[in-house]
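Notes for the one structure printed next.
2 protein chains.
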Amino acid sequence: MKITSQKADLQSAIAICSRAINSKSTLNMHDCVLIDAKDGRISLTASDSDFVIETVIEGNIEESGRIALEATYLDKVIRSLKDNEVTIETKENYRTVITSASSKNAALPGKDGTDFNGMPPVDRTDSLKISEFSLKQIINQTIFSISPNDSNVLMSSESFEIKENVLRVVSLDGHRISIRKIFLREAYGNRKLIIPGKALNELSRILSDDTDKDVEISMSDNRIIFDFGNTTVVSQLVDGTYFDVDQMIMTDYETKVSVNREALIECLERARIFIRDGDSKPVIFSITDNNVNIKVKSAVGSIDDDIPAQKTGKDIMIGFNAKFLVESLRAVDDEEVSIDFVNSKAPCYIRNDEDNYVYMVLPINFVNVD
Amino acid sequence: MKITSQKADLQSAIAICSRAINSKSTLNMHDCVLIDAKDGRISLTASDSDFVIETVIEGNIEESGRIALEATYLDKVIRSLKDNEVTIETKENYRTVITSASSKNAALPGKDGTDFNGMPPVDRTDSLKISEFSLKQIINQTIFSISPNDSNVLMSSESFEIKENVLRVVSLDGHRISIRKIFLREAYGNRKLIIPGKALNELSRILSDDTDKDVEISMSDNRIIFDFGNTTVVSQLVDGTYFDVDQMIMTDYETKVSVNREALIECLERARIFIRDGDSKPVIFSITDNNVNIKVKSAVGSIDDDIPAQKTGKDIMIGFNAKFLVESLRAVDDEEVSIDFVNSKAPCYIRNDEDNYVYMVLPINFVNVD
């Protein structure tokens, strides 16, 4: 194989497809980027068994071929070059020489590219379109409440449910539920997909914020395929039935408060200073007419703050994990947020009238306020 | 104690004096910032026994007093405030309340400030002046070659030698020596000081790049005092006699090369990609007429590059730790650098005709080049 391309293109392609690489993987091949040059097309691919990212770059192919190179070293060598034009050429025993005007003989020990799985064959007949911006946003607005624990595959994934022209994304981790709805431009057949959180997390980092660029999402053979720009991301779907979240969401409430979102976040962030990570100490909300009082007290300091609020219904005192509330509040755009409460043992719901988001957070029991 | 000051001033003062705090210290008091308000002067001080940083801020003193607060939490609370004006007030049992317009009751458990050593009394009669820029620069140009190993206190310190109007700073770690000379504006009495590297490292991070602002350096009672802006840094001096580096520096050479500094750094940085940290594998220099060839080969890749050079004297092949050479080359400003060699077992010297810097680096033996 012998190709010539631009340093910037190579660097960005390596960065994109390296997102598939699982550094904890013991399979050596998974730390590699596969460069495949044939029929006028140069692609870089990396994969973690059920998760594959491929990106295509511009360049000249002087000799077709396929070589696997360790991603870390390939990246470092490309970055170290100060010239724009870079040539990558495979020699005897897969030894691969990387050349630019000022660097003649940087070489990496390559691996046989034919041993390496590239992009699996995929069928794109069943597909829908959404802007890169919208997909990135709906992932970021929900992904924080998946479980980091891989042992529960449903909780570490997200539900993507399509009904006509509505896409509903749900995540939950046993302490909270995040639900987001957006309208698609066209109506599609109804379907329920469960997508691994890892794939969505990495996908959201590659997607641009561009509302004018589309992602084509295709479903085939228990795989989901995201095509955008020069990049294709393929993930295995998760088998099974997702949680029936509609059953878990109550619409009745005893107390409803409307509060400035930024002020509430600021106060909760200050409260978090005094709660160690992993500590289950709650922040205590005391909600009365026109006021939300927030208290926390630990060995290292305390907070006792008031935030003006509009309240309807009963007074309530309730404890929460400050981090969970902050993450949900950050996922909302509105200046004022409305929060519904039932009682101090029941979850609260951050939601709006248009019903395009619901964030449920379970309370934490507390003994005394002090 | 009750003071009112600006958030930005407090935040910057905490950041500055926290540089004295040794996070590995087991003495709790050392994690504290002491706020001392009296006679119209508000100072923040932190110390690590033999190393003290004090900085003075603007503000109003409503009630004089002295309180010690944990630096981490004080910093986080001040940062979390969104208002400019901040009041810090000590209540019963040293409990200290931090208030701004939007935050009424953040409180930290303070400690009795009278238990806490602030700035020691210092004598400033024996002093000299140098710009903040020059002091910061000469530290940064030498500090990289002190030994990180605290067990050899001389090697983990720097020698500051003043002879008339010349300041010579020397550091060495057993593998290399860095020597820098600058002219002072006036002549001072001759003296030799040994200053702990830790103090110089932290000092260089606080100093500005301003050539118009001066640092006043005073010596008294085995202490060195740096006064600049609103800040005072005091460090214990190291007892003992520093190494006689003049005996270690040879002026004869068998080979002299002149080479573009940036090109050499770029090439050595690329070579370093293939050498693991802590690995003693050398980069091999083969210096012939008009050419410096640089080679390295490891399991993860190889480099074999040529850099144009002017050479006088014998051809030479010699191995070096790439990191050591790169650090010395980065400390030099010149576009072209001159390097002197004696033989493959003797150190090389990066130096200029004006003799205001000498960087000596010991070679590494190598068996074969391959």
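If you're matching them up, the sequences are chains U and Z in order.
The first sequence begins at -19 in our numbering and counts up by one.
The second sequence begins at -19 in our numbering and counts up by one.
Here a beta-carbon is modelled for each residue, glycine too, at the ideal position from N, C-alpha and C.
Quantities reported herein were computed from a predicted structural model and do not represent experimental measurements.
Note that the stretch 187 to 202 of chain Z does not touch the stretch 82 to 90 of chain Z; fewer than 3 beta-carbon pairs, one per stretch, sit closer than 8 Å. For D194 (chain Z), the enclosing beta strand (DSSP E) covers residues D194 to S200.
With respect to the 8 Å criterion, A167 (chain U) and N132 (chain U) are not classified as neighbours on the basis of their beta carbons. Per the coordinates, the alpha-carbon of V57 (chain Z) lies some 39 Å from the alpha-carbon of I1 (chain U). In the same chain as D30 (chain U), and ignoring 5 residues on each side of it, the C-beta atoms closer than 8 Å to its own belong to P176, S215 and Q216, in chain order. Under DSSP, P288 (chain Z) takes part in a beta bridge, and its partners are Z:N271. With the criterion set as a beta carbon lying under 9 Å from some beta carbon of chain Z, the members of the stretch 86 to 116 of chain U are A86, A87, L88 and P89, in sequence order. The Cβ of S83 (chain U) sits closer than 8 Å to at least one Cβ of chain Z.
S114 (chain Z) and S44 (chain Z) have their C-alpha atoms some 38 Å from each other. Among the residues of chain U, those whose CB is under 7 Å from the CB of K62 (chain Z) are E246, following chain order. Secondary structure of V225 (chain Z) (DSSP, three-state): helix. When 7 Å is used as the limit between beta carbons, E249 (chain Z) is near these residues of chain U: S60, in chain order. The beta-carbon distance between M99 (chain U) and E34 (chain U), rounded to whole angstroms, is 5 Å. This is short enough to meet the 8 Å contact definition. At least 8 Å separates the CB of G258 (chain U) from every CB of chain Z. Around the C-beta of V347 (chain Z), fewer than 16 other C-beta atoms lie within 10 Å, and the residue is accordingly described as exposed. Under the criterion of beta carbons closer than 8 Å, R156 (chain Z) and S308 (chain Z) qualify as touching, at roughly 7 Å.
Non-local C-beta neighbours of A81 (chain U) in its own chain, meaning closer than 8 Å and more than five positions away in sequence, comprise D63 and E65, ordered along the chain. For the stretch 88 to 170 of chain Z, the continuous beta strand (DSSP E) assignments of 3+ residues that do not extend past its boundaries occur at 107 to 111 and 137 to 152, in sequence order. DSSP, read as helix, strand or coil, puts T191 (chain Z) in coil.
Close CB contacts of F163 (chain Z) within its chain, under the 7 Å cut and outside five residues either way in sequence, are with N145 and V146 (chain order). Its Cα nearest to that of S200 (chain U), the residue U:V102 stands out among U:L134, U:V102, U:S137 and U:M230. Taking every protein chain shown into account, the CB of Q290 (chain Z) has fewer than 16 other CB atoms within 10 angstroms, so this residue is exposed. Bounds of any beta strand (DSSP E) do not take in F304 (chain Z); it lies within the alpha helix (DSSP H) bounded by A302 to R310.
Per the coordinates, the alpha-carbon of N85 (chain U) lies some 8 Å from the alpha-carbon of S282 (chain Z).
Selection Z:T292, Z:L61 and Z:V149 evaluated against F321 (chain Z) yields Z:T292 as nearest (Cα-Cα). Rounded to whole angstroms, the gap between the alpha carbons of A279 (chain Z) and E50 (chain U) is 12 Å. The Cβ atoms of A17 (chain U) and I(-4) (chain U) do not sit closer than 8 Å to each other. Against chain Z, the beta carbon of I283 (chain U) has neighbours under 7 Å at N85 and A86, listed in chain order. Between K71 (chain U) and chain Z, the shortest Cβ-Cβ separation is not below 8 Å. Per DSSP, the unbroken alpha helix (DSSP H) holding G177 (chain U) starts and ends at G177 to I186. Considering only beta carbons, the part of the stretch 265 to 289 of chain Z lying closer than 8 Å to chain U consists of A279, V280, G281, S282, I283, D284, D285 and D286, in chain order.
The CB of V57 (chain U) comes closer than 8 Å to the CB of R250, I253 and G281 in chain Z, given here in chain order. Taking a 10 Å sphere around the C-beta of K275 (chain Z), we find 16 or more other C-beta atoms and assign the residue as buried. When DSSP reads this structure, N240 (chain Z) sits in a beta bridge with Z:E316.
A straight-line Cα-Cα distance of about 9 Å links D28 (chain U) and D11 (chain U). About 5 Å separates the beta carbons of S151 (chain U) and E138 (chain U), which is inside the 8 Å limit, making them a contact pair.
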